[in-house]
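K.L.:
Mind having a look at this structure? Questions to follow.
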Amino acid sequence: MHYSICTLLWVSALLAVVVQSSIGSSSRTLSASNRKKNEPKKIEIINQSGRTLVVDWIHPETGKTTTLHNGVVTGQSTTFNSFVNHTLALHESSQHCDANADSDGNCPVRYITINEKDRQVAHIGRGMTIDEEQETSSSSFTTRCREQASTQLSNGTDPLRVMEELQDCLRVRATILFQRKNDEVALEARARLTISATLENYTCADPNRELSEPVDIRQWTHSNVTRDVLIMHDRPSSQIHVLQDFISAEECEAIQAAAEPKLHRGTVANGSGGHKLSESRKAWQAGVRVPWELETQGNPIAKVVRRLYDYANDAVAYNLTVEGQEDLMSIQYFGVGEGSTEPPDQYRPHCDGSCDGLSHKTGGRVATMVMYCDVPELGGATNFQNSNVFVKPKKYAAAFFSYYDIETGNMETGFTSHSGCPVIKGTKRIAVHWMRIGVDKENSWDTFNTLTIKKADEEDC
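The sequence shown runs -21 to -1, 1 to 440 under mature numbering (1 follows the signal peptide of the UniProt record, and there is no 0).
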């Protein structure tokens, strides 16, 4: 069969392209493989040896050792970052290995080489045996413990010792499994916070968005008046409720009249125990003292604050008392008008108390009541972005939310973080009260700074 010169040249050119493409592909594959080897890998060491272990890293070029951990006790696990083909050496400290030393007096050493797996798990057993695994499910954990116990029984190990080591094995693996699940939950929480922060502006900007659907509807009766309560969010450490017709026109007017002469720009905590002006909070506010001495005379301000404490104690059983609590806060947001380029009055996402999941600090906030006296024509919703709860303000309604788990003593983890959406048209007037645990007549709210540290103790911090 004969081919023209043009055909042969075309085929030669095509082969050259194919070969070059193959070389390029191989080069890229090799490059990706090299990059993967250069990425740090995690290795978890689980000590079940019955000894306290020292973990050393061996320099791949000089052979010199660097101690990474000088005391991994039995029953403990620890995780390191290293690189593929690097080696770790495990041994007892010299002062503890006399009973286990060899005939030359040397402590037994075991070596682990880092492989290409993203996560490597090494179990150090009795006799310094090393058993590596990749499975992390609860079933694989229990299977491995049972197999270990079965082998020991077959070898004639004392049954009581087998039982003790089986319990140790299950306890260590359960601890590891719980820790990994906690890490997964933390990762999911961070993702949730990132997504909610991204959607914040879109949620607030939707002019047609209505009140979120409640998960439950209850009723609350107080002083012979029954109110509907919409349960928007229900967790042990965080609650969000909306109460219809909670505050009256007379009570709103009394609060606003007391606040009017003292209105000033709203501030935020400055991170050092004090306050500062911030563009994240653009509003006007004034504190209103609750005249408890006039409560028996029917004072409207004392009356509504007593009501909100009664509701809080019924809803979350905090057993709050009014002594030493904060003043009522009157807050006003003014609309800038549709199409205006002026920054609107708003309060960007924030937590009223601590929302880090840590233990409650004595004197710290645990719950909030927001009462809507005047609502704007457009904007001004209260948006709980991490809980997917959108509260469109309704005149004389109230939003109650708590952020403290009374059973554990810990604060919640961000589900009550909220914003006051921009007020576009009209005026939003609210009365807000923050409730605390750990305050009384001698230790009132204003004896603490914004970090919940007693002002008298600030110099010691």
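Glycine is no exception: its CB is placed at the ideal position from the N, C-alpha and C atoms.
Please look up how many angstroms separate the CB atoms of His102 and Gln27, rounded, as I've assumed it's under 8 Å.
P.N.:
Indeed they touch by this definition, with Cβ atoms about 6 Å apart.
K.L.:
Since Ala265 and Leu273 are thought to touch, with beta carbons under 8 Å apart, how far apart are those beta carbons, to the nearest angstrom?
P.N.:
That pair is no contact at about 19 Å.
K.L.:
Given a cut-off of 8 Å on the beta-carbon distance, is the pair Leu307 and Ala410 in contact?
P.N.:
Yes, the Cβ-Cβ distance between Leu307 and Ala410 is below 8 Å.
K.L.:
Whose CA, out of His329, Asn298, Gly343, Thr66, lies closest to the CA of Gly42?
P.N.:
Looking at the Cα atoms, Thr66 is the closest of the given residues.
K.L.:
Note down, in chain order, each residue of its chain lying with its Cβ closer than 6 Å to the Cβ of residue 452, except the 5 sequence neighbours on either side.
P.N.:
In the structure as shown, the chain starts at -21 and stops at 440, and residue 452 therefore has no counterpart that could be examined.
K.L.:
Nearest-angstrom Cα distance between Val267 and Glu305?
P.N.:
Approximately 9 Å, taken between the alpha carbons.
K.L.:
Since Ser381 and Gln218 are thought to touch, with beta carbons under 8 Å apart, how far apart are those beta carbons, to the nearest angstrom?
P.N.:
That pair is a contact at about 5 Å.
K.L.:
Name, in chain order, the residues that DSSP records as bridge partners for Gly358.
P.N.:
Bridge partners of Gly358: Val402.
K.L.:
Where does Ile234 sit, in a helix, a strand or coil, going by DSSP?
P.N.:
It is helical.
K.L.:
What residue does the alpha helix (DSSP H) around Val88 start on, and which one ends it?
P.N.:
Unbroken run through Val88 is the beta strand (DSSP E), 88 to 92; no alpha helix (DSSP H).
K.L.:
Under 8 Å, do Arg408 and Asp353 count as touching if we go by C-beta distance?
P.N.:
Cβ distance < 8 Å, so Arg408 and Asp353 count as in contact.
K.L.:
With a threshold of 8 Å, are at least 3 pairs of Cβ atoms found where one atom belongs to the region 348 to 365 and the other to the region 393 to 401?
P.N.:
At 8 Å Cβ cutoff, the stretches touch.
K.L.:
Round the Cβ separation of Gln311 and Thr429 to the nearest angstrom and send it over; I've been treating them as touching at under 8 Å.
P.N.:
Gln311 to Thr429, Cβ: 22 Å. No contact.
K.L.:
Verify whether the separation of the beta carbon atoms of Thr347 and Asp331 is less than 8 Å.
P.N.:
Their beta carbons are under 8 Å apart, which means Thr347 touches Asp331 by this criterion.
K.L.:
Under a Cβ-count criterion, where at least 16 other Cβ atoms within 10 Å of its own Cβ denotes burial, should Glu192 be classed as buried or exposed?
P.N.:
So Glu192 ends up on the exposed side.
K.L.:
Can you tell me where the beta strand (DSSP E) holding Pro328 begins and where it ends?
P.N.:
Here the beta strand (DSSP E) through Pro328 covers 324 to 329.
K.L.:
Answer with buried or exposed for Glu230, where buried requires no fewer than 16 other C-beta atoms within 10 angstroms of its C-beta.
P.N.:
Buried.
K.L.:
Please report the residue range of the alpha helix (DSSP H) in which Arg286 lies.
P.N.:
Where Arg286 is concerned, the enclosing alpha helix (DSSP H) stretches over 279 to 295.
K.L.:
Starting from Tyr312, trace the beta strand (DSSP E) in both directions and tell me its first and last residue.
P.N.:
Its beta strand (DSSP E) spans residues 307 to 313.
K.L.:
Between the alpha carbons of Val301 and Trp271, how many angstroms are there, rounded?
P.N.:
About 9 Å.
K.L.:
Over the uninterrupted beta strand (DSSP E) stretch that includes Ile385, give me the two end residues.
P.N.:
Element bounds for Ile385: n/a, residue is neither H nor E.
K.L.:
Would Gln127 be called buried (16 or more neighbouring beta carbons within 10 Å of its own) or exposed?
P.N.:
That one is buried.
K.L.:
Which of the three DSSP states, helix, strand or coil, is assigned to Gln218?
P.N.:
It is a strand residue.
K.L.:
Give me the residue from Glu23, Phe157, Leu47, Glu386 with the minimum Cα distance to Val33.
P.N.:
The residue with the shortest Cα to Cα distance from Val33 is Leu47.
K.L.:
Between Asp324 and Asn298, what straight-line distance do the alpha-carbon atoms span, to the nearest angstrom?
P.N.:
The straight-line gap from Cα to Cα measures roughly 35 Å.
K.L.:
Report back the beta-carbon spacing between Ala376 and Phe369 to the nearest angstrom; my notes put them in contact at under 8 Å.
P.N.:
About 14 Å separates the two Cβ atoms, so there is no contact after all.
K.L.:
Run through the DSSP bridge pairs and tell me what Leu69 is partnered with.
P.N.:
DSSP, once it has assigned bridges, lists Val34, Arg89 as partnering Leu69.
K.L.:
In whole angstroms, give me the CA-to-CA distance for Asn17 and Ile93.
P.N.:
The alpha-carbon atoms of Asn17 and Ile93 are separated by roughly 12 Å.
K.L.:
Grouping DSSP H, G and I as helix and E and B as strand, with all else coil, what is Gln264?
P.N.:
Correct three-state label for Gln264: strand.
K.L.:
Please classify Pro240 as buried or exposed, where buried requires at least 16 neighbouring CB atoms within 10 angstroms.
P.N.:
Per the 10 Å Cβ criterion, exposed.
K.L.:
When the Cα atoms are used, what is the spatial distance from Ser333 to Arg415?
P.N.:
Roughly 12 Å separates the two Cα atoms.
K.L.:
On the three-state DSSP scale, how would you describe Ser133?
P.N.:
In this structure, Ser133 counts as helix in the three-state DSSP scheme.
K.L.:
Going by alpha carbons, who is nearest to Asn49 out of His70, Pro87, Asp137?
P.N.:
Per the Cα distances, His70.
K.L.:
To the nearest angstrom, how far is it from the Cα of Lys20 to the Cα of Thr57?
P.N.:
Their backbone Cα atoms lie some 14 Å apart in a straight line.
K.L.:
Going by C-alpha to C-alpha distance, which of Leu287, Val345, Gly318 sits closest to Asn389?
P.N.:
It is Val345 whose Cα lies nearest to the Cα of Asn389.
K.L.:
Within 10 angstroms of its Cβ, does Ser216 collect 16 or more other Cβ (buried), or is it exposed?
P.N.:
Buried, since its Cβ has 16 or more Cβ neighbours within 10 Å.
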